[in-house]
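Some notes on the structure that comes next.
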Ligand SMILES: Cc1cc2nc3c(=O)[nH]c(=O)nc-3n(C[C@H](O)[C@H](O)[C@H](O)COP(=O)(O)OP(=O)(O)OC[C@H]3O[C@@H](n4cnc5c(N)ncnc54)[C@H](O)[C@@H]3O)c2cc1C
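Following this line, the structure appears as structure tokens:
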């Protein structure tokens, strides 16, 4: 009997390790085909890379530059499907590529026309060249010195952690079982074939033996650790690369249009994106030696983002303007060269070990559905399950609502906004604000505990609501109130409340520019080719 899992069964078709985009997508795909699916996540859903993305549902203009047309085509198709299946969380966003050199207008203009063409009927809007005046109309705070014009194009934007939570709910609605705070500790083998997972419930300490026909490793940058549980000599296939974002007040870039810089000094794409009343600037690409659930931004990375933001914006941001800084690790699959992570493929990889452990890794958020489909196709053959086609192309994600904007600050809940409102109406205190500067209400904490598997203060303040990422200082001020509400709902005592408040504060300090990490000696010298002029971007 599995009390936490709440099911009488202890024999699954597929057990999935990892509750990020890849694992959750795989759980939805498998469950919606009618297979018996269990997913375990060692922390909260999307605690890893999947809550730390640039929040773009995109084909990847950068991959077009690299000539990877098939990857762009696939991603553009998935972009369209995701907007159709989760319209409450995915929306169109205009991007302007500012042109300071004479060749940039025609060059990026043609490239983005190709992007439009590849999107075909899944297109989000037509790109076009802009005059200098029009460019400044779209981005009034764009650096005007030397500006010749721009090119506007369209891509998708989303709330990554909210989508992950809604995906967990979708998997459950389709008959799957998903559990957070349950860590895979070792693999169960029978006759040298993987037949399950030994997992520990990190809240109770209880250990479970979870039997499965096939075990799927969907652990992102932790992939190699699970592969080594299977075979201690398994070679590493992941080269983790850190990407950092800084979050600034909207006054640095008011309006609803993003800036895309296709080529920074060291050859990467840089974005400044309006997101939740803030501007998110990112990202870096730093090869790192180790992996962690809580990677932290290095001083050099922050400096790089600040200096590049200053080149393109009239108001130069300083470290004191940073409301939050967050780091994520890309699970890049090494393809021979480990020298330059920016050149490593973002395509996904399926790997089957000799003992039958199926590993899915690489890819990106936008392509999770396709990755999941490929994984379940493969797993079903291995497990000798009855063949059934994937149905996720046309499967709505939990919360699906065509016009969620009408719910105001509750719009991210989609159709669940009605349920949230019912919780708010239960008690006058549920409508109390959690912080004077933010619209979030006490009843949302209660909703998150009851309906979204929020177990800790961090789960609420970082991933059910994104305050840790948009205003780390305010999130620290909110923590005691959130801890109190959660303790009552979860039946915890005041010691738990205190511990939660303190540990959240310690974590959130790492998101303030003052708390950034020193350079890790295992990290590559960085930035690789940053010019030292630090000046404005002029021809
Ligand atoms: C800086 C940055 C920006 C990005 N921006 C974008 C973007 O804008 N658009 C886009 O499409 N993609 C983007 N990506 C890529 C995208 O975020 C990732 O490809 C995707 O989130 C990876 O998801 P995942 O599920 O494979 O890994 P993860 O999200 O890391 O999930 C793996 C999970 O496995 C769990 N786990 C590990 N070990 C165990 C264990 N022993 N037991 C149980 N659970 C375990 C971890 O806790 C973790 O939650 C970005 C990536 C980065 C780093």
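Numbering (my numbering), first residue to last: 415 to 953.
The beta carbon of each residue, even a glycine, is placed where N, CA and C say it ideally should be.
### Task
Count the other CB atoms, across all protein chains shown, that sit within 10 Å of the CB of residue 485; report buried if there are 16 or more and exposed otherwise.
To locate residue 485, count along the chain shown from 1; it is residue 71. Classification of residue 485: buried, given that the 10 Å Cβ count is 16 or more.
### Task
Spatial neighbours of residue 533 within its chain, please: CB distance less than 6 Å, with the 5 preceding and 5 following residues excluded, ordered by chain position.
For this step, residue 533 is matched to residue 119 along the chain shown. Hits under 6 Å: 490.
### Message
Starting from residue 782, trace the alpha helix (DSSP H) in both directions and tell me its first and last residue.
### Response
Indexing the chain shown from 1 puts residue 782 at position 368. Its alpha helix (DSSP H) spans residues 782 to 796.
### Message
I want to know whether the region 655 to 662 touches the region 533 to 545 - three or more CB-CB distances under 8 Å.
### Response
The region 533 to 545 and the region 655 to 662 do not touch, with fewer than three beta-carbon pairs separated by less than 8 Å.
### Message
Assess contact between the region 794 to 802 and the region 630 to 639, defined as three or more Cβ pairs (one per stretch) separated by less than 8 Å. Is contact present?
### Response
Short answer: they don't touch.
### Message
My parser needs the beta strand (DSSP E) runs of 3 or more residues fully inside the region 844 to 877; what are they?
### Response
Taken in chain order, the unbroken stretches of beta strand (DSSP E) that lie wholly in the region 844 to 877 and span 3 residues or more are 847 to 849, 852 to 855.
### Message
Which same chain residues end up closer than 6 Å to residue 444 when comparing Cβ atoms and leaving out the 5 residues on each side of it in sequence?
### Response
Working through the chain shown from its first residue, we reach residue 444 at position 30. Sequence-distant Cβ neighbours of residue 444 in its own chain, meaning closer than 6 Å and more than five residues away, are 428, 451, 790.
### Task
Determine the DSSP secondary structure at residue 439, reduced to helix, strand or coil.
On the chain shown, residue 439 is found 25 positions in, with the first residue counted as 1. Note: residue 439 maps to helix in three-state DSSP.
### Query
In angstroms, rounded to a whole number, what distance separates the CA positions of residue 558 and residue 698?
Taking the chain shown and counting its residues from 1, the one referred to as residue 558 is at position 144. Taking the chain shown and counting its residues from 1, the one referred to as residue 698 is at position 284. Straight-line spacing of the CA atoms in residue 558 and residue 698 works out to 25 Å.
### Message
With DSSP as the reference, identify every bridge partner of residue 623, one or two as the case may be.
### Response
Within the chain shown, numbered from 1, the residue matching residue 623 stands at position 209. Per DSSP, the beta-bridge partners of residue 623 are 612.
#### Entry: Euclidean distance between Cα positions of residue 612 and residue 781
Numbered from its first residue, the chain shown carries residue 612 at position 198. Numbered from its first residue, the chain shown carries residue 781 at position 367. Rounded to the nearest whole angstrom, the CA to CA distance from residue 612 to residue 781 is 30 Å.
### Message
Measuring only the C-alpha atoms, how far is residue 549 from residue 886?
### Response
For the purposes of this step, residue 549 is taken as the residue at position 135 of the chain shown. For the purposes of this step, residue 886 is taken as the residue at position 472 of the chain shown. It is roughly 32 Å from the alpha-carbon of residue 549 to the alpha-carbon of residue 886.
### Query
Is the region 564 to 571 touching the region 508 to 518, taking contact as three or more C-beta pairs under 8 Å?
Yes, since at least three Cβ pairs between the region 564 to 571 and the region 508 to 518 fall closer than 8 Å, the two stretches touch.
### Message
At a threshold of 6 Å, does residue 618 count as lining ligand 1 (C-beta to nearest heavy atom)?
### Response
Residue numbering aside, residue 618 sits at position 204 when the chain shown is read from its first letter. Remark: the C-beta of residue 618 is outside contact range of ligand 1, defined as less than 6 Å to any heavy atom.
#### Entry: Range covered by the alpha helix (DSSP H) that runs through residue 545
Position 131 of the chain shown holds residue 545. For residue 545, there is no enclosing alpha helix (DSSP H); the residue is found in the beta strand (DSSP E) stretching over 542 to 545.
### Message
Only counting the same chain, and skipping five residues up and downstream in sequence, which positions put a Cβ closer than 6 Å to that of residue 926?
### Response
Here residue 926 refers to the residue found at position 512 of the chain shown. Excluding positions up to five away in sequence, the list reads 886.
### Task
Answer yes or no: do residue 435 and residue 910 have a C-beta to C-beta separation smaller than 7 Å?
As a working note, residue 435 is residue 21 in the chain shown. As a working note, residue 910 is residue 496 in the chain shown. Result no, Cβ atoms of residue 435 and residue 910 do not sit closer than 7 Å.
### Message
Tell me the DSSP secondary structure of residue 538 in three-state form.
### Response
Taking the first residue of the chain shown as position 1, residue 538 is located at position 124. Here residue 538 sits in coil by DSSP.
### Query
Should the region 469 to 481 be called in touch with the region 582 to 595, which here means at least 3 C-beta pairs below 8 Å?
Cβ pair count under 8 Å is below three, so no.
### Task
Take the Cβ of residue 752 as the centre, count every other Cβ of all protein chains shown within 10 Å, and call the residue buried at 16 or more, exposed below.
Here residue 752 corresponds to residue number 338 of the chain shown, with the count starting at 1. Bear in mind that a pLDDT of 39 at residue 752, under 50, signals an unreliable position, so the model cannot answer this.
### Message
Could you compute how far the alpha carbon of residue 784 sits from the alpha carbon of residue 538?
### Response
Sequence index remark: in the chain shown, residue 784 carries index 370 (1-based). Sequence index remark: in the chain shown, residue 538 carries index 124 (1-based). Those two C-alpha atoms are separated by around 20 Å.
### Message
Using a 10 Å radius around the Cβ and a threshold of 16 neighbouring Cβ atoms, would you call residue 912 buried or exposed?
### Response
As a first step, residue 912 is located in the chain shown; it is residue number 498 there, counting from the start. Exposed is the call here.
### Query
What does a CB cutoff of less than 6 Å around residue 585 pick up in its chain, not counting 5 residues either side in sequence?
For the purposes of this step, residue 585 is taken as the residue at position 171 of the chain shown. Here residue 585 has 441, 442, 445, 592 as same chain residues with Cβ atoms under 6 Å from its own Cβ, once five neighbours each way along the sequence are excluded.
### Query
Around the Cβ of residue 524, are there at least 16 other Cβ atoms within 10 angstroms (buried) or fewer (exposed)?
Along the chain shown, one-based indexing puts residue 524 at 110. Per the 10 Å Cβ criterion, exposed.
### Query
Under a Cβ-count criterion, where at least 16 other Cβ atoms within 10 Å of its own Cβ denotes burial, should residue 842 be classed as buried or exposed?
Taking the first residue of the chain shown as position 1, residue 842 is located at position 428. Its Cβ having fewer than 16 others within 10 Å, residue 842 is exposed.
### Query
Buried or exposed: where does residue 540 fall if 16 or more other Cβ atoms within 10 Å of its Cβ makes it buried?
Stepping through the chain shown from its first residue, residue 540 is reached at position 126. The C-beta of residue 540 has fewer than 16 other C-beta atoms within 10 Å across all chains shown, which makes the residue exposed.
### Message
Between residue 828 and ligand 1, is there a pair consisting of the residue's CB and a ligand heavy atom that are separated by less than 6 Å?
### Response
Translated into positions along the chain shown, residue 828 becomes position 414. No, the beta carbon of residue 828 sits no closer than 6 Å to any heavy atom of ligand 1.
### Query
Taking 6 Å as the cut-off, is the CB of residue 789 close to at least one heavy atom of ligand 1?
Against the chain shown, residue 789 aligns to sequence position 375. In terms of side-chain proximity, the C-beta atom of residue 789 is found no nearer than 6 Å to any non-hydrogen atom of ligand 1.
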